[in-house]
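Engineer: Dropping the structure in here first, questions after.
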Amino acid sequence: MGGVRRDFRTLWLAAALVMLVICAVLQSYIDPDRRWFRPDPTAEATPKELAQIPKELFGGALLGFREVAAGLLWVRADDYFHSGRYDDIVPLFYIVVWLDPHQLDVYATGAWHLAYNLGDQRLIPEGVKFLLDGIRKNPNVWDLYFQLSFLHFQKTRDYDQAIYWAREAAKRPGTDGNPAPAYVKQMLAHYMEKNGQIAEMRRQWEENVAEATLWLYW
435 MGGVRRDFRT
445 LWLAAALVML
455 VICAVLQSYI
465 DPDRRWFRPD
475 PTAEATPKEL
485 AQIPKELFGG
495 ALLGFREVAA
505 GLLWVRADDY
515 FHSGRYDDIV
525 PLFYIVVWLD
535 PHQLDVYATG
545 AWHLAYNLGD
555 QRLIPEGVKF
565 LLDGIRKNPN
575 VWDLYFQLSF
585 LHFQKTRDYD
595 QAIYWAREAA
605 KRPGTDGNPA
615 PAYVKQMLAH
625 YMEKNGQIAE
635 MRRQWEENVA
645 EATLWLYW
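If you're matching positions, the sequence shown starts at 435 in our numbering and goes up one per residue.
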């Protein structure tokens, strides 16, 4: 009987060692991307926003599982939207990005809800402000810069701002390290046309065609 127990413990120890090796290998792939997904220790949430966190998630947030809690709350926000509970959605936007300020999709989708889907023109400036907060916390990737440029193009009709933010987006890579996609500069040309900057638009399209040709023969 004692021999069986020893064999069982040896088996569990071997399995644990194998799992540790697997974890070490996986961690080596995860570590380079950790810089994109660190919760912001300086970010603050208001008491009203904190009160929106369900009790079953609040403990997890305090214990360090902030990203997990943020993901679950974002699922709840989506449920609220589809069930018509629009007044409850907006506070959740801010709670989710307080818990995990590097969820780019949350910033983009939250701003889209504020500026488009909730149907209140007064929320458009809040959508702009929400994206600016996301840019401040994620300054090194193109995504939110482009979202802000498109929001200005379609909603505020401030084409100078649309051009400015599209240019900023074009300067930056994505979280995967690749350049901003071609449509960023393509939309920049459209913004210039809408703003009456025809000469600049033409130069931008010439640049776009040259870059596309280069990629075609790469």
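From the three backbone atoms N, C-alpha and C, an ideal C-beta is built for every residue, glycine too.
Which of helix, strand or coil does DSSP assign to residue 525?
Structural biologist: Note: residue 525 maps to helix in three-state DSSP.
Engineer: Taking the C-alpha atoms as reference points, what is the distance between residue 510 and residue 541?
Structural biologist: Spanning the two alpha carbons is a distance of roughly 16 Å.
Engineer: Have a look at residue 563 and residue 584 and give me their C-alpha separation to the nearest angstrom.
Structural biologist: The alpha-carbon atoms of residue 563 and residue 584 are separated by roughly 14 Å.
Engineer: Suppose you measure from the CA of residue 522 to the CA of residue 650; what does that come to, to the nearest Å?
Structural biologist: When rounded, the distance between both Cα atoms is 48 Å.
Engineer: Grab me the residues of residue 527's own chain with a C-beta within less than 8 Å of its C-beta, minus the 5 sequence neighbours each way, in chain order.
Structural biologist: If we look at residue 527 and ignore the five residues flanking it on each side, its Cβ neighbours are 511, 540, 544, 547, 548, 564.
Engineer: Quick one: grab the DSSP three-state call for residue 468.
Structural biologist: Here residue 468 scores only 45 on pLDDT, less than 50, and its place in the model should not be relied on; the value that follows carries that caveat. Three-state result, residue 468: helix.
Engineer: State the Cα-Cα distance for the pair residue 569 and residue 648, rounded to the nearest angstrom.
Structural biologist: Roughly 30 Å separates the two Cα atoms.
Engineer: Just grab the DSSP bridge partners of residue 607 for me.
Structural biologist: Paired residue(s): 613.
Engineer: Express the C-alpha separation of residue 642 and residue 529 in angstroms, rounding to a whole number.
Structural biologist: For residue 529 and residue 642, the distance between alpha carbons rounds to 39 Å.
Engineer: Are the CB atoms of residue 617 and residue 596 within a distance shorter than 8 Å?
Structural biologist: Going by C-beta atoms, residue 596 is not nearer than 8 Å to residue 617.
Engineer: Rounded to whole angstroms, what's the CA-CA distance from residue 620 to residue 604? Just pull it up for me.
Structural biologist: Distance between the alpha carbons of residue 620 and residue 604: 10 Å.
Engineer: Whose C-alpha, out of 550, 531, 591, 588, is nearest the C-alpha of residue 566?
Structural biologist: Looking at the Cα atoms, 531 is the closest of the given residues.
Engineer: Assign residue 572 to one of two classes, buried (16 or more other C-beta atoms within 10 Å of its C-beta) or exposed (fewer than that).
Structural biologist: The residue in question, residue 572, is buried, as its Cβ has 16 or more Cβ neighbours within 10 Å.
Engineer: How many angstroms separate the CA atom of residue 463 from the CA atom of residue 611?
Structural biologist: Here residue 463 scores only 49 on pLDDT, less than 50, and its place in the model is too uncertain to base an answer on.
Engineer: Note the first and the last residue of the continuous alpha helix (DSSP H) segment covering residue 591.
Structural biologist: From DSSP, residue 591 is part of no alpha helix (DSSP H); its letter is neither H nor E.
Engineer: Determine whether the beta carbon atoms of residue 553 and residue 576 lie at a separation below 8 Å.
Structural biologist: Taking 8 Å as the Cβ cut-off, residue 553 and residue 576 do not qualify as a contacting pair.
Engineer: Roughly how many whole angstroms lie between the Cα atoms of residue 631 and residue 623?
Structural biologist: Distance between the alpha carbons of residue 631 and residue 623 is about 9 Å.
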